[in-house]
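A.B. asks: Per our numbering, the very first residue in the sequence shown carries number 2; after that it's consecutive.
The beta carbon of each residue, even a glycine, is placed where N, CA and C say it ideally should be.
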Amino acid sequence: MFSGKPVKATFKCYLPPAQTDVKTSPIEPPIKLEPRFLPGEIIVNEANFVRKCISPDNGQDDLWGRLICTNFKVSFIPQEPPPKQKAQLSHLLLGQHDISLTCLEQVVTVNDTRGKRKVLGSNKKLKFNPAELILYCKDLRVIRFCFDEAGPESAKKVCLAIAHYSHPADLHLLFGFEYQGLRYHEYKANPVNGSDPKGGTQIPFFDRPSDWDREIKRTGASEWRVCSINEEYVISHSLPEYIVVPVSLTDQEVKQYSTSFSDGRVALWCWNHRNGSALVRMAGLKDPLAQKKPVEKILTAITKSHRQRQEVILSDLDKSLPNIQDIQSAFVKARQICTLDPFEESEERWLSAIENSRWLEYIRMFLKHSAEVVYNLEGRNVSVVLLEEEDRDLNCVVSSLVQLMLDPHYRSLNGFQSLVQKEWVMAGHRFLDRCNHLKKNDNKESPLFTLFLDCVWQMTNQYPAAFEFTEAYLTVLSDSMWIPLFSTFLFNSSKQCNDLLQEFAKNKAIPQDENHTVFFPPVWNWSQQFSSRDQTLFNNPMYVGKGAACVQNGEVKTFQRTKKAFSSTMRIPSTSHRNGVRAEEEHFHRRGSLVSELKADFSPVKDESPSERFFRDWFSRPADQQGLLIPLVLPSHVVLWKLFFLRWVPEACIPHGGPATVYHKVSQLVDEIETLQSKLRQYKGASPRGTPVPSSSGPPKDQTRMYFKATSPGDSPASPDILNSSFPFSPVGNLCRRSVQGTPISKFLNGAKTWLSTETLSNDTF
Numbered sequence: 002m003f004s005g006k007p008v009k010a011t012f013k014c015y016l017p018p019a020q021t022d023v024k025t026s027p028i029e030p031p032i033k034l035e036p037r038f039l040p041g042e043i044i045v046n047e048a049n050f051v052r053k054c055i056s057p058d059n060g061q062d063d064l065w066g067r068l069i070c071t072n073f074k075v076s077f078i079p080q081e082p083p084p085k086q087k088a089q090l091s092h093l094l095l096g097q098h099d100i101s102l103t104c105l106e107q108v109v110t111v112n113d114t115r116g117k118r119k120v121l122g123s124n125k126k127l128k129f130n131p132a133e134l135i136l137y138c139k140d141l142r143v144i145r146f147c148f149d150e151a152g153p154e155s156a157k158k159v160c161l162a163i164a165h166y167s168h169p170a171d172l173h174l175l176f177g178f179e180y181q182g183l184r185y186h187e188y189k190a191n192p193v194n195g196s197d198p199k200g201g202t203q204i205p206f207f208d209r210p211s212d213w214d215r216e217i218k219r220t221g222a223s224e225w226r227v228c229s230i231n232e233e234y235v236i237s238h239s240l241p242e243y244i245v246v247p248v249s250l251t252d253q254e255v256k257q258y259s260t261s262f263s264d265g266r267v268a269l270w271c272w273n274h275r276n277g278s279a280l281v282r283m284a285g286l287k288d289p290l291a292q293k294k295p296v297e298k299i300l301t302a303i304t305k306s307h308r309q310r311q312e313v314i315l316s317d318l319d320k321s322l323p324n325i326q327d328i329q330s331a332f333v334k335a336r337q338i339c340t341l342d343p344f345e346e347s348e349e350r351w352l353s354a355i356e357n358s359r360w361l362e363y364i365r366m367f368l369k370h371s372a373e374v375v376y377n378l379e380g381r382n383v384s385v386v387l388l389e390e391e392d393r394d395l396n397c398v399v400s401s402l403v404q405l406m407l408d409p410h411y412r413s414l415n416g417f418q419s420l421v422q423k424e425w426v427m428a429g430h431r432f433l434d435r436c437n438h439l440k441k442n443d444n445k446e447s448p449l450f451t452l453f454l455d456c457v458w459q460m461t462n463q464y465p466a467a468f469e470f471t472e473a474y475l476t477v478l479s480d481s482m483w484i485p486l487f488s489t490f491l492f493n494s495s496k497q498c499n500d501l502l503q504e505f506a507k508n509k510a511i512p513q514d515e516n517h518t519v520f521f522p523p524v525w526n527w528s529q530q531f532s533s534r535d536q537t538l539f540n541n542p543m544y545v546g547k548g549a550a551c552v553q554n555g556e557v558k559t560f561q562r563t564k565k566a567f568s569s570t571m572r573i574p575s576t577s578h579r580n581g582v583r584a585e586e587e588h589f590h591r592r593g594s595l596v597s598e599l600k601a602d603f604s605p606v607k608d609e610s611p612s613e614r615f616f617r618d619w620f621s622r623p624a625d626q627q628g629l630l631i632p633l634v635l636p637s638h639v640v641l642w643k644l645f646f647l648r649w650v651p652e653a654c655i656p657h658g659g660p661a662t663v664y665h666k667v668s669q670l671v672d673e674i675e676t677l678q679s680k681l682r683q684y685k686g687a688s689p690r691g692t693p694v695p696s697s698s699g700p701p702k703d704q705t706r707m708y709f710k711a712t713s714p715g716d717s718p719a720s721p722d723i724l725n726s727s728f729p730f731s732p733v734g735n736l737c738r739r740s741v742q743g744t745p746i747s748k749f750l751n752g753a754k755t756w757l758s759t760e761t762l763s764n765d766t767f
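Pasting the structure below:
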């Protein structure tokens, strides 16, 4: 009986292979394999003695174990316990070798005799005994299993089970419905310490008038009001029940005009500038030639909402930006290049292939167009209406980016989550179709939300102190799209969400008046996925936000760091990058020096346009981290998001390098400062004799938000072993290749000595 790693045979045997579908040898003790299951999760099929391929050549690092398909995930249980790893991001729902079925892009089997590949679907048959199983994942992992020692029948059955259960026939068949129902009843039966199953989520969901009222008040939109004509979704199936419209429009007028727009999507208010200009989004007309009057009436009402009665600018995104099919095509090309599957090209062609995929070009286009909208709102003081035929795709990206650039509230963690909730979830972005959770509408699939997250990362890369969240948070948020346990990314609209969850509550005997965020929580309840300590990886220690603490004369005061206090001395990363690779080693430059790189675009000339003057003036000043932010959009400024695209590539993993090293050192420094401030808080201030008086309240509790705490003077200053360019994700065992020789990334990395040097990596951006 086979046990452990295979030993090379010293003779050739002509007897038929022994059946290995038994659990253990009669002589050897059984090997205890303990899979971890969630409530409601059941094993559908499994195969023993499966090899997970890690090492491309000799197989010495390959893992042997048990491959399981459940109604939630594909799970691999190693036969030997893995070595103890130091702290890294630990998922509470998925193990290191688990893949959610929703995350699977393709299930491919390989014939042993001919090497023929077959893509499996829910209704396809498998006529040969598979020798290999290759799983292509939507988070860019490519995982390969070999069935050298597994029984042929069990191998075939587990492959067919994975293919079938990764193509659910109906949304209700996704595991989240079973899991959350059981979880709800378990909580009701045994509440834990009085905790709220919502996880204390404090962000607005914009499913009630009070959420919109607070947003109107926060932005100073006094000429706008909450309208409830879409209650019960009688006007539009894709809009939320409550929308914000100009005060000058009556409910009857809004209802009348909505019939002229696609799916009744009348103009939807997004945000208001302090100068009175508003950002609005709107769908196209059903009959543009015969129904111009409703648009004119709405534009007039938007004009009246401006205190200076300024004109309104229409921005047609369908004419200015790539469509969803182009974006999908670009992403597929970029994904293929970065996962290196069948490519045999030189490093020069790899670089050009990244550019030719047009993914980075589209990132630049969306950032540039959003900056132009910002110019109209901020520089020209005019309202802007974003126009898209259905108002559910491109408008989501641009409206969100514009608000990120203009409003520092959305650069905080809670603010960003409320922005996604408002401009994506409640605005009716088709997450079900665009993510293709049911794998039925390939022509409707498009990574709009991934594109948005990449654009956000570009801004965090250029302005690392302006955002409260990290790139690890953005990556985790992207991964959460493929975990079907949360309501955020499962539905095409709030109506579809309400209808399905009402039916779900009825089937699970949940009271009809129960808030669905309790029995089917949103993704913002991060405690379902990560421990409190791991969630600190979401916090940016460099963040310059409101309420930053400072100590003056022995007293702790709060203040907002301004341009004078912070920005003029802040060093930011060099922007000499192409395709995510630093062209040469450079030091960080002061913010004011960036204007020299924009002379081609914003140099003062006689016929300079107002927009060019606006951008030139802005880039000539130090950036206010809590003010307007405009991204740099030249090709050298927009770079490949390495943590997202290359985190699973072993050849691209840089031990003790990458942005994680900067994150580690900055976290320690910030934690040391907070520790010193905590000690100072023990004193109320200086006494008349100059002697500090201890505070009667005593030292405050440890409330550090840092993942890496400050080390004591006696500790070694060396970086932890867990740090690498893929931190906090572990690429080991999650991407495999037959051979790394000749692949474009290996050739490229072998030639990129400067990029891989420790000295250069220490200067990599956070």
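(1) What is the DSSP secondary structure of Trp-525, counted as helix, strand or coil?
(2) Spatial neighbours of Gly-699 within its chain, please: CB distance less than 8 Å, with the 5 preceding and 5 following residues excluded, ordered by chain position.
(3) Could you give the uninterrupted runs of the alpha helix (DSSP H) lying entirely in the stretch 126-187, keeping only those of 4 residues or more?
(4) In three-state terms, what does DSSP make of Glu-675?
(5) Beta-carbon within less than 8 Å of Glu-35's beta-carbon, same chain only, minus the 5 sequence neighbours each way: which residues are those?
(6) In angstroms with no decimal places, state the Cα-to-Cα distance between His-590 and Pro-623.
(7) Taking the alpha helix (DSSP H) that Ser-400 belongs to, which residues open and close that run?
(8) Should Leu-395 be labelled buried (16 or more other beta-carbon atoms within 10 Å of its own) or exposed?
(9) Would you list the residues sitting across from Pro-725 in a DSSP beta bridge?
(10) What is the C-beta distance between Ser-306 and Val-374, in whole angstroms, given that I count them as a contact (C-beta under 8 Å)?
(11) Phe-129 and Arg-52 - do their beta-carbons sit closer together than 8 Å?
(12) Quick one: Cα of Val-667 to Cα of Ile-655, how far?
(13) Name the DSSP beta bridge partners of Trp-65, please?
(14) Which same chain residues, not among the five before or five after Leu-90, have their C-beta less than 6 Å away from its C-beta?
(15) For His-168, is the classification buried or exposed, using 16 other Cβ atoms within 10 angstroms of its Cβ as the cut-off for buried?
(16) Specify the secondary structure class of Lys-440 as computed by DSSP and reduced to three states.
(17) If you count every other CB in all the chains shown that lies within 10 Å of the CB of Asp-455, and 16 or more means buried, which is it?
(18) Tell me, please, whether the stretch 328-340 touches the stretch 295-314 by the rule of three or more beta-carbon pairs shorter than 8 Å.
(19) Can you name the start and end residues of the beta strand (DSSP E) that Ala-279 belongs to?
(20) Could you compute how far the alpha carbon of Arg-365 sits from the alpha carbon of Leu-635?
(21) Here's the rule I'm using: 16 or more other beta-carbon atoms within 10 Å means buried, otherwise exposed. How should Thr-260 be labelled?
(22) May I have the straight-line CA-CA distance separating Asp-252 from Ala-284, to the nearest angstrom?
(23) Using 10 angstroms around the beta-carbon of Lys-702, count the other beta-carbons present and answer buried if the total reaches 16, otherwise exposed.
(24) Looking at the secondary structure, which residues open and close the beta strand (DSSP E) in which Lys-119 lies?
(25) Note down the Cα distance separating Tyr-137 from Asn-49, rounded to an integer number of angstroms.
(26) Tell me which same chain residues have a C-beta within less than 6 Å of the C-beta of Gln-497, skipping the five on either side of it?
(27) So if DSSP puts Arg-226 in a beta bridge, which residue, or which two residues, is it bridged to?
(28) For Trp-272, write down the residues that DSSP places opposite it in a beta bridge.
(29) Does the distance from the CB of Trp-225 to the CB of Ile-236 come in under 8 Å?
(30) Who are the Cβ neighbours of Asp-171 in its own chain at under 8 Å, not counting the five residues just before and after it?
(31) For Gln-463, is the classification buried or exposed, using 16 other Cβ atoms within 10 angstroms of its Cβ as the cut-off for buried?
(32) Using a C-beta cutoff of 8 Å, does Arg-215 count as contacting chain B?
(33) Can the beta-carbon of Ser-278 be found less than 8 Å from the beta-carbon of Leu-378?
(34) Check Pro-611 in the structure and name its three-state DSSP category.
(35) What number of angstroms, rounded off, separates the C-alpha of Thr-537 from the C-alpha of Arg-412?
C.D. replies: A quick look at the data gives this:
(1) coil
(2) Low per-residue confidence applies at Gly-699: pLDDT is 38, beneath 50, and the placement is therefore not dependable enough to give any value.
(3) 153-166
(4) Assignment of Glu-675 by DSSP, reduced to helix, strand and coil, places it in the helix class.
(5) Within its own chain, the residues whose Cβ lies closer than 8 Å to the Cβ of Glu-35, once the five positions on either side in sequence are excluded, are Ile-78, listed in chain order.
(6) Only weak support exists for where His-590 lies, its pLDDT of 35 falling under 50; the coordinates are left without a value.
(7) 395-407
(8) buried
(9) Before going on, a small fix: residue 725 reads as Asn here, not Pro. For Asn-725, which the question treats as bridged, DSSP gives the partners Pro-656.
(10) Not really, about 17 Å apart at Cβ, beyond 8 Å.
(11) no
(12) Taking the straight line joining both Cα atoms gives about 19 Å.
(13) For Trp-65, the beta-bridge partners assigned by DSSP are Arg-52.
(14) Asp-535, Pro-729
(15) By the 10 Å Cβ count, His-168 comes out buried.
(16) When secondary structure is reduced to three states using DSSP, Lys-440 falls in the coil class, being assigned neither helix nor strand.
(17) In the assembly as shown, Asp-455 is a buried residue. Its beta-carbon has 16 or more other beta-carbons within 10 Å.
(18) These segments do not touch.
(19) 279-284
(20) Distance between the alpha carbons of Arg-365 and Leu-635 is about 7 Å.
(21) exposed
(22) 19 Å
(23) Any reading at Lys-702 must be qualified, since the residue scores a pLDDT of 45, below 50, and its modelled position is unreliable; no value is offered.
(24) From DSSP, the beta strand (DSSP E) with Lys-119 extends over 118-121.
(25) 22 Å
(26) none
(27) Val-246
(28) Under DSSP, Trp-272 forms a beta bridge with Leu-280.
(29) no
(30) Leu-439
(31) buried
(32) Note that chain B does not occur in the displayed structure, where there is just one protein chain.
(33) yes
(34) helix
(35) 16 Å
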